[in-house]
Each structure stands twice: as C-alpha cells, then as structure tokens.
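Chemist: Using my numbering, you'd call the opening residue of the sequence shown number 14 and step up by one each time.
We put the beta carbon where it would ideally sit given N, CA and C, even for glycine.
Okay, handing you the structure first.
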Amino acid sequence: MNDPRGSIWRKWDLHVHTPESLVHHYDGADPWPQFIDELDNLPAEFKVIGINDYIFLDGYRRILKEQAAGHFKNIDLFLPVIELRLDKFGGSQSHLKRVNFHIIFSNDLSADLIESQFLNALPSKYILTPQYASLHGQWKAIPTKDSITDLGQKIIDSVPQDEKAKFGPPLIEGFNNLCLSLDSVKKALDSTYFTDKYVTAVGKTEWASINWNDNTIADKKTIINGANLVFTASESRQHYENAKKALHDAGVNDRLIDCSDAHHFGSAAHKDRLGNCFTWIKADPTFDGLLQVLIEPDERIYVGDLPPEIAKVRSNPTKYIREIQIHRKATASLSEKWFDNTIPVNSGLVAVIGNKGKGKSALTDTLGLLCNTKQHRDFTFLSTDNFRQPK
C-alpha cells in the first residue's frame, strides 16, 4: 500500500494483546465482541496494530478472520508479534524480572509459517529460570498451551505445600519460567523465510532492571544494542521522555517507541489499555514502511499527543493545500481528454519528481496559477508556446 500523498503521520501501536493472550484482563465470559468493537472504534489516527499474544498466534488468526468478515476498516495493517522471555534477569532472586524480547513479523508471513519455521525451531533451546533448573530434564516439548500447562504444574508440584498458594495458574507459571538465550532466537530467525521479514524490540522496563556490574554489563548492552527498537508503555509523555533520556545517557540504543501493551479495555484506569499509545510514525502503513523508519527514526517517529507538523496544519488550514482538482470544461470543443482527476497533496511536499513529459511543469504551473502567482512569464507549460497555444 503506497499512499498517493506519500508518507504521512499515523498512530502505530505495535503491542496489543487480545483475549487469546496467555495474560489479559479483558472482562466477561466472552470478551471478544467488546474487543472487536473497541478496535473498530479506535480514534481515526490509529492505522497499524501489532497483535502480541506472547508465543501464540491464535489471537492474530482471529483478528484476520474478523477483518475478512468486514471488521476493522479503520485499520490499514495488522502485524503478528511474538514475545519471548530471555535468560537474562533483573530484579532480586526472590522476584526475578525476565527480559522481554519481541519479534515483529511481516504480514507477508502466515501464522502457520511463523509457527513451523520459527516457534517449532526453538523447543530444544528453552531453559528454565534458575530456581527450577532441576526440572529441565523432565520437560522437553514443542510449546503448546497443553505442554506449557504441564510444565507449570511440574513447577507448582516441586515447591513445598505452604508455598503453592503463591503461584498462579499452571499455564502462566509454565510460560513465565520458560526462557531462551538471545543467540538461540537469532539462530531460529536465520532462515530464508525471514530475510528482511522481521524487526526486533526489547522491553525497556525489564531490561533496565538488570544491574550494571562487571558480570552483566556486556550482556546488558548486547541485548539492547542488537535490537531494532525498544518498547515501553508510558503513563505519560513525560514518562516517555524520562525513559528515552535514561537510554541516551547510558549510551545505548534509544530508538524507543511507546506502545499500549494493552491487556485491558479502553475504559480501564490501568495504563495498559486499548488506545493508550503515544507513538506516531511517518511512513506507509506497511511492513516496508516500518523498515524505512529504522533507517531514519528521528525524522519518522514522534511520541506525544500530536506531531508538530499536524498541529501546524490544523492551526493554519487555509495555508496548506489538501488536493488539486483539474477538470475538463463541459464546453470544451477538442476531442482530446487532457486532464480530469484529483491529485492529493502532502502538507510536507518539498519536491516533485518524475521523468520528462510526466507532468511536473503542468502541476507546478497549475499550483502557481491557482495561488495567484505574479510569475506568469516563467510558466513553461501554461504558456502560449505550449498548452495555451491557439490550436
């Protein structure tokens, strides 16, 4: 999808959980109808959504099915996202924080292909968090909800009776304690199928909880500097600015974007809710557009309520051209049909590019005429020697 206006600012939220997610807080016996309705009614600026249900793609499949049935006409693109836990930990021994690693795949890749060529390449690479390392030999499986539930139950069964009440459902405990090395993830992505078809992101909050010390400094830098993006879910623009400054001051990757990390409906008080995203991206709403952002992030990423360029246009609507319409007069006697179309114009237009004879001068002369230029003598197309000649 290439917008005829070129690159324009749109909201992108690359971290949204569905009711199929391992962890979510969407209320109701069947939260899907409300979830679909809220996606249908997101503010008009939202155009790209990343569906992120940890290591499963059932929610992404459901979204595509609903889209095919006529929903989400307001959304230009859904991207499949996988969220894994790395084997690097922050926090304390009693309260480990697992570093989250995200892979944003191209929508050109089917869910089946991502499962077969990526997720199914990982089973032998999974390890358990340190306190349950002794169970590693008891669990080796392709990660399905049933197999992860089995792992979680083994973990719960391994602790003293008076500790069991502190644990959540087996499925959640199993997933929370299933980790991967960054090298194993990279090897699984080193496939013909995934060349130029994925973008990586690391979760800023969990990454930041790793201490800076002699034993961890190299790993800590490798994790964040090797990622294309850094994800955060900010409470406010100021929280985002503080987080970005912290990354900049640490001398590490500060390509930080805000995502909702939605686990709640939009009416919830919790910050991780549908629609609570501050990230605007100036690019085509395509995976290729996302790749372009990585080349020039400072020019194409804005985090806040409204990009200054949009605010300026809205404050001065009569100073910007939205479109140019050129129509043939109804009384024209010539049989040739020269022009009859509408040309959308980008408010950030700085150049018109095209081969000789493709209409550059026709467009610029028309703009000059409509804007009451005094430089008629400089017209090269709307001149008596060209378009306005008597014949």
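1. Under 8 Å Cβ to Cβ from Leu304, same chain only, skipping five residues before and after it: list those, please.
2. State whether the region 123 to 141 contacts the region 186 to 194, with contact taken as three or more CB pairs (one from each stretch) at a distance under 8 Å.
3. With a Cβ-Cβ cutoff of 7 Å, do Asn120 and Phe244 count as a contact?
4. With a threshold of 16 other CB atoms inside 10 Å of the CB of Thr157, please say whether the residue is buried or exposed.
5. Rounded to a whole number of angstroms, what is the C-alpha to C-alpha distance between His389 and Gly381?
6. Just curious, the alpha helix (DSSP H) that Leu215 is in, first and last residue?
7. For Glu312, does the three-state DSSP call read helix, strand or coil?
8. Could you compute how far the alpha carbon of Ala375 sits from the alpha carbon of Phe394?
9. Could you spell out the range, first to last residue, of the alpha helix (DSSP H) harbouring Asp443?
10. From the DSSP output, read off the bridge partner residues of Phe59.
11. Does DSSP put Arg390 in a helix, in a strand, or in coil?
12. Out of curiosity, what's the CA-to-CA distance linking Thr379 and Asp16?
13. Based on the DSSP output, what are the partners of His115 in its beta bridges?
14. In the DSSP assignment, what residue or residues form a beta bridge with Asn65?
15. Counting pairs of Cβ atoms below 8 Å between the region 91 to 104 and the region 172 to 186, do you hit three or more?
16. So, with DSSP's three-state summary, where would you put Val198?
17. How many Å lie between Ile294 and Cys384 at the Cα?
18. Measure how close the beta-carbons of Trp112 and Glu219 come, nearest whole angstrom, since I'm counting them as under 8 Å.
19. According to DSSP, simplified to helix, strand and coil, what is Phe102?
20. Exposed or buried, Asp170, counting other C-beta atoms within 10 Å across all chains shown (16 or more means buried)?
21. With a CB to CB cut of under 6 Å and the five nearest residues on each side skipped, what residues in its chain are close to Ala201?
22. Could you please give me the residues that DSSP links to Cys290 through a beta bridge?
23. Pick out whichever of Asn241, Ser360, Ile356, Lys86 has its Cα sitting closest to the Cα of Asn329.
24. Which word fits Pro320, buried or exposed, when buried means at least 16 other C-beta atoms lie within 10 angstroms of its C-beta?
25. Could you please give me the residues that DSSP links to His277 through a beta bridge?
26. Please confirm whether Ile62 and Val36 have their CB atoms less than 7 Å apart.
27. Here's a check: name, in chain order, each residue in its chain whose Cβ is nearer than 7 Å to the Cβ of Thr162, leaving out the five neighbours to either side.
28. Straight-line CA distance for Arg335 to Arg341?
29. Among the candidates Asp398, Ile127, Ile270, Pro44, whose CA atom is the shortest distance from the CA of Lys24?
30. Tell me which residue opens and which closes the alpha helix (DSSP H) that Thr344 is part of.
31. Nearest-angstrom Cα distance between Ser197 and Ser160?
32. Which one or two residues does DSSP pair with Gln80 in a beta bridge?
33. Under 8 Å by Cβ, that's how I've got Pro32 and Tyr39 pegged, so tell me the actual separation to the nearest angstrom.
34. Relative to the C-alpha of Ala154, which candidate in Leu164, Ala221, Glu96, Tyr67 has its C-alpha closest?
Modeler: Answer, in terms of the structure:
1. Asp209, Val212
2. yes
3. no
4. exposed
5. 8 Å
6. A small correction: the amino acid at residue 215 is Val; Leu does not occupy that position in the sequence shown. It is not in any alpha helix (DSSP H) - Val215 instead sits in the beta strand (DSSP E) that spans 211 to 216.
7. helix
8. 5 Å
9. Here the chain comprises residues numbered 14 to 404, so residue 443 is not present and cannot be evaluated.
10. Lys24
11. helix
12. 22 Å
13. Glu96, Ala214
14. Val94
15. no
16. helix
17. 31 Å
18. Residue 112 is actually Val in this sequence, not Trp. Yes, they are in contact, since the Cβ atoms of Val112 and Glu219 sit about 5 Å apart, within 8 Å.
19. strand
20. exposed
21. Phe131, Ala134, Leu135
22. In the DSSP output, where bridge partners are listed per residue, Cys290 has none listed.
23. Ser360
24. buried
25. Arg286
26. no
27. Pro183, Leu184, Gly187
28. 20 Å
29. Ile270
30. Segment: none, Thr344 is in no alpha helix (DSSP H) and carries neither H nor E.
31. 20 Å
32. Gln80 pairs with nothing; no bridge assigned.
33. 5 Å
34. Leu164
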